[in-house]
Every structure is written in structure tokens, then in C-alpha cells.
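**Student:**
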Amino acid sequence: MAAVENLLDSPHLLEGLSEAAIIFKDGQVKAANTAARRLLGASICGQALHDVINHPGALEALERGVEAADGVELTGLGGLRRHWIMRSAALSNGTSLIRFVDRSEARAAEQMRVDFVANASHELRTPLSTVIGYAETLREQADEIDPMTRDRFLTVVHDEARRMQRVVEDLISLSRIEAEKFTEPTEAVDLGELIDEAAENAYLMAEERNSRIVLSVDDELPRIAADRGQILQVLDNLIANALRYGEPGTAVVVTATDEGSMVHLSVQDRGEGIAPEHIERVTERFYRVDTSRSRALGGTGLGLSIVKHIVERHRGRLKIDSEVGVGTIIHVFLPTKVS
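When we follow the numbering used here, the leftmost residue of the sequence shown carries the number 1, and every step to the right adds one.
1) Can you look up Gly-94 in the DSSP assignment and give me helix, strand or coil?
2) Measure the beta-carbon distance from Leu-334 to Leu-265 and round it to whole angstroms, keeping in mind my assumption that it falls under 8 Å.
3) Please confirm if the region 219 to 228 is in contact with the region 302 to 309, defined as three or more CB-CB distances below 8 Å between the two stretches.
4) Restricting to runs no shorter than 4 residues, where is the alpha helix (DSSP H) found entirely within the region 150 to 230?
5) Any idea if Tyr-203 is buried or exposed, counting beta-carbon neighbours within 10 angstroms, 16 or more meaning buried?
6) Relative to the C-alpha of Asp-236, which candidate in Asp-258, Ile-213, Gly-249 has its C-alpha closest?
7) Suppose only complete runs of 3+ residues qualify. What are the beta strand (DSSP E) ranges in the region 236 to 263, listed by chain order?
8) Out of Glu-160, Leu-171, Leu-62, which one is the CA nearest neighbour of Thr-130?
9) Is the CB-CB distance between Arg-209 and Pro-248 below 8 Å?
10) Thinking C-alpha only, which one of Thr-149, Gly-133, Gly-273 is nearest Asp-321?
11) Could you tell me which of Gly-57, His-331, Asp-218, Ala-90 sits nearest to Leu-77, measuring between CA atoms?
12) Can you tell me which of Leu-74, Leu-171, Glu-140 puts its alpha carbon nearest to the alpha carbon of Asn-119?
13) Restricting to Cα atoms, I'd like to know which of Arg-99, Val-326, Thr-255 is closest to Glu-193.
14) Going by other Cβ atoms of all chains shown within 10 Å of its Cβ, with 16 needed for buried, is Ala-242 buried or exposed?
15) On a Cα-Cα basis, can you pick out the residue from Glu-19, Asn-54, Ala-20, Ser-92 that is closest to Asp-26?
16) How would you call Val-267, buried or exposed, if buried means at least 16 neighbouring beta carbons within 10 angstroms?
17) State the DSSP-derived secondary structure class of Thr-336, mapped to helix, strand or coil.
18) Residues in the same chain with beta-carbon distance under 7 Å from Tyr-287, minus the five sequence neighbours each way, listed in chain order, please.
19) Cα-Cα, which of Gln-47, Ile-330, His-331, Glu-284 is closest to Met-112?
20) Measuring CB to CB, does Val-29 end up less than 8 Å from Gln-47?
21) Where do the N-terminal and C-terminal ends of the beta strand (DSSP E) with Val-52 fall, by residue?
22) Using a Cβ-Cβ cutoff of less than 8 Å, which residues in the same chain neighbour Gly-94 once the five nearest sequence positions on both sides are dropped?
23) Using C-beta distances below 6 Å, list every residue in its chain close to Leu-39, excluding the 5 sequence neighbours before and after it, in chain order.
24) Would you report the Cα separation of Gly-316 and Met-148, rounded to the nearest angstrom?
25) Since Ile-330 and Ile-177 should fall inside the 8 Å C-beta cutoff, what is the C-beta to C-beta distance between them, to a whole number of angstroms?
26) Measuring only the C-alpha atoms, how far is Ile-239 from Glu-136?
27) Would you mind reading off the limits of the beta strand (DSSP E) that contains Ile-279?
28) I need the straight-line Cα distance from Leu-17 to Thr-250, nearest angstrom please.
29) Enumerate in chain order the residues of its own chain whose CB-to-CB distance from Ala-198 is below 7 Å, with the five nearest sequence positions on each side excluded.
30) Who are the Cβ neighbours of Leu-124 in its own chain at under 7 Å, not counting the five residues just before and after it?
31) Does Glu-323 come out as helix, strand or coil in the three-state DSSP assignment?
32) If you check the beta carbons only, do Ala-226 and Glu-259 fall under 8 Å apart?
33) Out of curiosity, what's the CA-to-CA distance linking Ala-89 and Val-101?
34) Exposed or buried, what is Thr-336 when buried is set at 16 or more other beta-carbons lying within 10 Å of its beta-carbon?
35) For Leu-232, name the three-state secondary structure that DSSP assigns.
36) For Gln-230, does the count of other Cβ atoms within 10 angstroms reach 16, so buried, or fall short, so exposed?
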């Protein structure tokens with residue numbers, strides 16, 4: 001407590017606080033650390049407190065003399081999406097300390113979890129309702145439905161059940177990847193071998209789209225430090241996406257080149273492309289540029305999110321280049337295996 005009481009006389013103690021902090025007396029700011037000046041203004045010392053903290057909720061709480069341990073929640077200070085906990089404490093000689101604890105990232109993470117649950121529920125509710133509806137019709141009108149109609153109904157039930165299965169599988173996959181995000185992969189993996197395997201996995205899909213997969217891989221490609229299964233998943237997702245959204249009859253080009261400390265992998269399609277305003281969001285969970293088209297083509301809305309999380313776990317980098325009416329190239333940069 002003595003250290004806290006001496007904050008005004010010892011500026012280095014105030015500067016040592018990790019959060020934004022100011023000291024005021026008689027309604028005037030007497031001292032502020034760098035974090036506070038960055039948040040509230042470079043020249044706040046000597047100014048009136050109500051001019052410095054231009055936030056009704058904060059001023060009202062200070063007027064009431066709030067010193068609760070939990071503090072007061074503030075939204076919008078320093079930006080519309082910024083969230084803070086303001087805590088105040090009385091010091092000696094009529095001075096008081098105010099600290100602002102940044103909760104923006106925690107609040108954003110909480111909102112992401114809420115949105116994720118809502119989106120996942122929606123993705124499963126729609127096909128589930130379809131399955132239940134058709135199943136009830138088949139059960140209640142079994143004697144009245146002709147064989148062709150019954151087969152059509154059963155096909156719909158099967159397709160919607162498979163759609164739910166794909167969503168659940170991707171959700172489980174995403175959960176596992178996130179659980180391992182702090183574990184750096186160290187296995188030496190032959191990327192060229194995985195590219196061949198992924199191309200083979202996509203062979204039937206390419207045939208159905210009347211498309212072809214073209215591989216361009218450096219002969220002496222160095223091994224990468226990776227989780228083999230996850231990198232194969234990246235390749236499977238990127239190639240499937242390129243086939244799904246590329247124009248039928250066009251080629252999907254998979255390239256891998258040695259760039260020293262990194263291996264540069266790219267997957268290119270010839271299709272509608274992605275508008276600039278969507279590019280930054282296509283790696284978000286369940287984000288779709290064209291919702292109905294994505295679902296019709298079998299997409300879950302999680303493929304690129306899975307790719308992003310795997311690349312981040314591998315300390316790599318993901319980059320998306322796209323031109324509307326031309327197509328999309330997705331680049332993945334992965335660190336090579338250090339011997």
C-alpha cells in the first residue's frame with residue numbers, strides 16, 4: 001500500500017503499472033502513465049478530469065465515489081468497440097488513483113463464442129428440420145406414397161443427414177486444432193508427397209466437375225516442420241474449395257516452391273472470385289460470400305477457418321488474392337524443417 005501511496009511522488013511506480021493509470025486531486029489530473037496518455041491524450045496532466053475522461057458512465061461513477069473491487073464497466077472509451085473496467089482507489093492527501101483495465105480482447109472472444117454457438121445451431125437446425133419433416137411424412141403417409149416419391153424423400157433425408165455430419169466433423173476438427181494451437185509441430189513432413197495424396201483424394205470430385213488438377217512442385221522441396229494429418233487437411237480443403245467454386249471444366253493449379261526458410265504453397269482456381277470486402281472475412285467461422293450457393297455445393301462454412309487455424313498453429317502465414325470474374329489464389333507459407 002505504501003508503494004501505491006507514493007505514486008505521485010515516484011512517477012516510475014505509476015509508469016510501472018501495466019494498465020492505463022492516472023492520479024487526480026480536486027477534479028484535476030496530477031499524473032498519468034504512458035498507457036493513459038496514449039488512451040486519453042498526450043497532454044492530459046493539469047487538465048480537468050471531466051474533460052480528460054469524456055465518458056458519462058465513468059464520470060457518474062467517480063462522482064458517486066465508486067471504489068468497488070470489481071470496478072465499473074465502460075464501453076466506447078478510446079473507440080466504439082473498446083471495453084474497459086475502471087477501478088478507482090483513494091490515496092493520501094485527497095488524491096485518488098484511477099486504473100483502466102482493457103477488456104476489449106476478452107469481450108471480443110466472448111462475443112465470438114456466442115456467435116459461434118448461434119451459427120452452429122443454425123447450421124444444424126435447418127437440415128435437422130428437413131430430416132424430421134420428411135421422416136414424419138414417410139411414417140404417417142407410408143401407404144399413400146408411391147415408390148418414386150419415397151425414394152426422392154429418402155434421398156433428401158440422406159443428403160441432409162450427410163450435411164449435418166460434415167458440419168459436426170468440421171466442428172470437431174476445429175475444436176481439436178484449437179486445443180493444440182500452442183503445441184508447435186516438429187515432424188519432418190514431405191509436402192510434395194502430401195500434395196500428391198490430396199490430388200488423389202480430390203480425383204472423383206474433379207471428374208464430377210469436369211475439371212483437372214495441375215501440380216507444379218519443386219523437385220528438391222525441403223521438408224516442413226508439420227503435423228502431417230493437419231497439412232493434408234489444409235490441402236484437401238483448399239483443393240476442394242477450388243474445385244467447388246471454380247468454373248466447371250477449368251484447371252485447379254497447385255504450386256509448391258522453396259523460398260529458403262519457408263515453403264510457398266498456393267492453390268489457384270478460375271471462377272467468380274471474391275469481392276475485396278469479403279476477403280478479410282472468408283476465414284471466419286460460418287462466413288459465406290454466397291450462403292445458398294455454398295450450401296448447395298456442399299460447403300460447411302468452416303473450411304477456410306480450419307485452414308487458417310492450422311496455418312497459425314504451424315507458425316505460417318495465409319494470404320488470399322482474388323479478382324472478381326477471374327478467380328482466386330490462396331497462398332500458404334510454412335516454415336521448413338530445421339535439422
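Each residue gets a CB set at the ideal place from its N, CA and C atoms; glycine is no exception.
**Tutor:** Reading it off the structure:
1) coil
2) 7 Å
3) no
4) 191 to 201, 203 to 208
5) exposed
6) Ile-213
7) 251 to 259
8) Glu-160
9) yes
10) Gly-273
11) Gly-57
12) Leu-171
13) Thr-255
14) buried
15) Ser-92
16) buried
17) strand
18) Arg-281, Gly-301
19) Glu-284
20) yes
21) Run containing Val-52: none in the beta strand (DSSP E); it sits in the alpha helix (DSSP H), 49 to 52.
22) Lys-25, Asp-26
23) Ala-20, Gly-78
24) 52 Å
25) Incorrect: roughly 17 Å between the Cβ atoms, too far for contact.
26) 38 Å
27) Premise fails: Ile-279 lies in the alpha helix (DSSP H), 276 to 279, not in any beta strand (DSSP E).
28) 59 Å
29) Leu-232, Leu-235, Asp-236, Ile-239
30) Met-164, Val-167
31) strand
32) no
33) 14 Å
34) buried
35) helix
36) buried
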